[in-house]
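A.B. asks: Chains as they are written, first to last, in my numbering: chain R, 65 to 215; chain Z, 9 to 773. Handing you a structure now.
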């Protein structure tokens, strides 16, 4: 089986590419893309958020069997060292991360939001970012999303 | 010998040591380069610092980064003294050496001195002697833990001196090489120069510096600081914004296989008959490993597979006949009832261990104008770190390598050695970033389990990852606690007596048993964490008896961000609020009236009041209709925090809009990180205050994942402001201090809104 990740077709080993295998584990354990995190396994925390055809989805409940013809983008391709995504710049400017574990998922959720809506209201940010952060980076990530949207 | 009984007997013997007291000199902790792994081109200058060929300063990092910003704060101390930009500090994992032990946490754990006896620079002789002895013992034991908000406290003197010593040697080398007086040398960004035209970076001077004596080294004067006291950006922010940061769960050594775990659902239970065939029949599954108890864990099976998902599917397919623990099923409701009965019995009979007594409570009670007595309760809590519990291990050729997100690398090494049946010298522990710790990762059960599985994978590394369900149902929980608080009020409404009798499990002896069994003794000595925040509060109440009944209910208990303070602050700061209302006084004025001998506490409270616009302080700020304010004040880990919250009731539930925090944490290394940590601690505490509860029925934890163990989300997060008192005292703790006052502040505001006093956590209207 082949899935299209970060602009590249990636081959998955036949013996492990069960169509029910969640995208999260294909990324982490078969493709070595560890920036996308496991948090709950039941789409309740958002740590595994990636983009599927541009929309934020929770990779722990997306079976790879559903990915034919679809484009997956992970945190590794959100920006680059030379050209970080405006959210990544804002993240550093506002000193958002603490432990950092949930941040990939939050950044991907925020990027999908800003791609549709550069000036989201507080309610729109609340509804797009349902992610769990145990370090409580919430006030800062809200400010960083606003700043990135305005940049 | 039990570590703390060693302390206690040490204290008894310590009277003789009062004469000749001096602070344990940080010089003794500089160590030698023998402690460092030095690679080609690098030069070690002491046990902490080596210089790379390109002139970068390499710091042996002995503390774990779990979000609290300690890597940045500790690197700042070194960059300051060596006059290099923060970006020129490179961290490498400290080796296992007693040098890196945490002296401050052990000194802070010395029972049972009241803060009045340990006020820095003004210690009573017994306290001074006790701390000296414990510091000595702590040096000898060298137990390296990241916990107790102690990293900067513990490293403040030693790291600055290590860096200053390295700098002196580098300058000494330049002075000799250029035949110029050292005082004429200038250091800028790691480059040493002399007006005569000589110039060299640290890398060019390092080899000669290693052979240069240090002379009399002093750390920089406060007025010369350029970095300490600034909000320097965190050194880990970029890697934590692009997915590059490597947590334990991200380690990918070649040949890695994955393991999932399934514990006996009943805490402390074990497996009976088991059929592993259904698991082995699944594609990708390699084997099933029975896992005995490791460092306090419940028995389990691990399933090894090519991906974690395949392993987890295998774990679910195991058919196991689980057995209850021999002592019978645990039940949290029954435990809370038992705790209350034990506390009541002790309160009626001057029972429990009295951590603090003063005056004559019984006599003063007899003449009090009136009495207030209430019972407060707190439930078991889970940590729920965002990064699920995991550890990666490889056992090959008699050597063990462990990659672990751990707060206790020495304990991890010991359990790994035990699990593999090798000596500790055969074990290497690599500490990764921690995706949250909050005390959970002071336990090393998962390290023993991972090494056990790695014995079965033919030399290939294995990564053991717990599901969220396993995490919530097999944690070391914040202990449930009950406290009976009784005060006698004088005719002015102020308390003349305070009797607090609490009951709950002690954490430290249980943690010692599982993590440091060689040091655990047969008898528990009183654990200060049970009563911290109660016995050491500084309200000027002349007659007090603050005691605790230490129980052993059988639920695995562990350290949870701010430990005993997390619930004890709720008990005492809610109760003081009750007393203020009983006396018909403003709760903030009432506290100030009790803080006449605690000027630092009063100053923090006043600062919070001014910034929050509390009526009567500064510019009174009207509050939105439907909202009320609540206040709480609490000292923990050497720092004092006041919080004033604004709360309303939204669809029948409490909603916290704004939290104004004032704090005196002594010298501030990085105010930006302090503000970040206060925000963090407030939101962590608010999750617990509104939702946090672990229920155990028939030995089985009922909360299984975030839907049943809810935590705060963005839409509920309050605005948090932090205001710091200017101070030249040595630094106090930071990571935990914002947690304790939040729950009582919210409860106190809810009382204003509803007239109903909530005396149990979580706060449910």
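Ideal Cβ placement from N, Cα and C applies to all residues, glycine included. The structure displayed is predicted, hence computed values, not measured ones.
(1) Can you say whether residue 162/R is buried or exposed, counting buried as having 16 or more other CB atoms within 10 angstroms of its CB?
(2) Within this structure, are the beta carbons of residue 450/Z and residue 524/Z separated by less than 8 Å?
(3) As a quick exercise: from 235/Z, 172/Z, 349/Z, pick the residue whose alpha carbon is nearest that of residue 559/Z.
(4) Any beta carbon of chain R sitting closer than 8 Å to that of residue 599/Z?
(5) Who pairs with residue 672/Z in a beta bridge, going by DSSP?
(6) Does the CB of residue 150/R have a neighbour CB from chain Z at under 8 Å?
(7) The beta strand (DSSP E) spanning residue 269/Z covers which residue range?
(8) Between the beta-carbon of residue 581/Z and the beta-carbon of residue 641/Z, is there less than 8 Å?
(9) Indicate the three-state DSSP secondary structure (helix, strand or coil) for residue 589/Z in the structure shown.
(10) Taking the alpha-carbon positions, what's the residue 576/Z to residue 546/Z distance?
(11) Given a cut-off of 8 Å on the beta-carbon distance, is the pair residue 269/Z and residue 323/Z in contact?
(12) Ignoring anything shorter than 4 residues, give me the alpha helix (DSSP H) runs that lie fully in the stretch 211–252 of chain Z, in order along the chain.
(13) Taking a contact to mean a Cβ-Cβ separation below 8 Å, would you say residue 567/Z touches residue 660/Z in this structure?
(14) Report yes if the CB atom of residue 412/Z is closer than 8 Å to the CB atom of residue 562/Z, and no otherwise.
(15) Can a CB atom of chain Z be found closer than 8 Å to the CB of residue 194/R?
(16) Could you check how far apart the C-beta atoms of residue 66/Z and residue 79/Z are, in whole angstroms? I think they sit under 8 Å.
(17) Looking at the unbroken alpha helix (DSSP H) that takes in residue 698/Z, where does it start and where does it end?
(18) In terms of DSSP beta bridges, what is residue 738/Z paired with?
(19) Check the Cβ-Cβ distances between residue 725/Z and every residue of chain R, and say whether any is below 8 Å.
(20) Under a CB-based cut-off of 8 Å, is residue 774/Z close to chain R?
(21) Between 760/Z, 471/Z, 564/Z, which lies nearest to residue 319/Z when the distance is taken from Cα to Cα?
(22) Kindly indicate the opening and closing residues of the alpha helix (DSSP H) around residue 317/Z.
(23) How many Å lie between residue 24/Z and residue 537/Z at the Cα?
(24) Measure the C-alpha to C-alpha separation of residue 355/Z and residue 587/Z and round it to an integer number of angstroms.
(25) Where does residue 507/Z land, buried or exposed, given buried means 16+ other C-beta within 10 angstroms?
(26) So, is residue 457/Z buried or exposed, given that buried needs 16 or more other C-beta atoms within 10 angstroms?
(27) Note down the Cα distance separating residue 666/Z from residue 658/Z, rounded to an integer number of angstroms.
(28) Assess contact between the stretch 480–490 of chain Z and the stretch 420–432 of chain Z, defined as three or more Cβ pairs (one per stretch) separated by less than 8 Å. Is contact present?
(29) Over the uninterrupted beta strand (DSSP E) stretch that includes residue 505/Z, give me the two end residues.
(30) Take the Cβ of residue 142/R as the centre, count every other Cβ of all protein chains shown within 10 Å, and call the residue buried at 16 or more, exposed below.
(31) Kindly list the residues whose CB is nearer than 7 Å to the CB of residue 45/Z, restricted to its own chain and excluding five residues on each side of it in sequence; keep chain order.
(32) Quick test of your reading: residue 51/Z and residue 218/Z, contact by CB under 8 Å. State the CB separation rounded to the nearest angstrom.
(33) Output the distance between the C-alpha atoms of residue 337/Z and residue 276/Z, rounded to the nearest integer angstrom.
(34) Between the stretch 650–667 of chain Z and chain R, which residues of the former have CB atoms less than 7 Å from a CB of the latter, in chain order?
(35) Please determine, among 441/Z, 402/Z, 434/Z, 115/Z, the residue with the shortest C-alpha to C-alpha distance to residue 142/Z.
(36) Could you tell me which of 578/Z, 557/Z, 591/Z, 608/Z sits nearest to residue 737/Z, measuring between CA atoms?
C.D. replies: Looking at the coordinates:
(1) buried
(2) no
(3) 349/Z
(4) no
(5) 648/Z
(6) no
(7) 265–271
(8) yes
(9) helix
(10) 14 Å
(11) yes
(12) none
(13) no
(14) no
(15) yes
(16) Their Cβ separation, rounded to whole angstroms, is 13 Å, which puts residue 66/Z and residue 79/Z out of contact at 8 Å.
(17) 679–698
(18) None; residue 738/Z has no bridge partner.
(19) yes
(20) With chain Z represented from 9 up to 773, any question about residue 774/Z goes unanswered, as that position is not in the structure.
(21) 471/Z
(22) 316–325
(23) In this prediction, residue 24/Z has a pLDDT of 28, which is less than 50 and means its spatial position is unreliable; what the coordinates show is noted afterwards. Roughly 28 Å between the two C-alpha positions.
(24) 19 Å
(25) buried
(26) buried
(27) 15 Å
(28) no
(29) 503–513
(30) buried
(31) 103
(32) 5 Å
(33) 9 Å
(34) none
(35) 115/Z
(36) 608/Z
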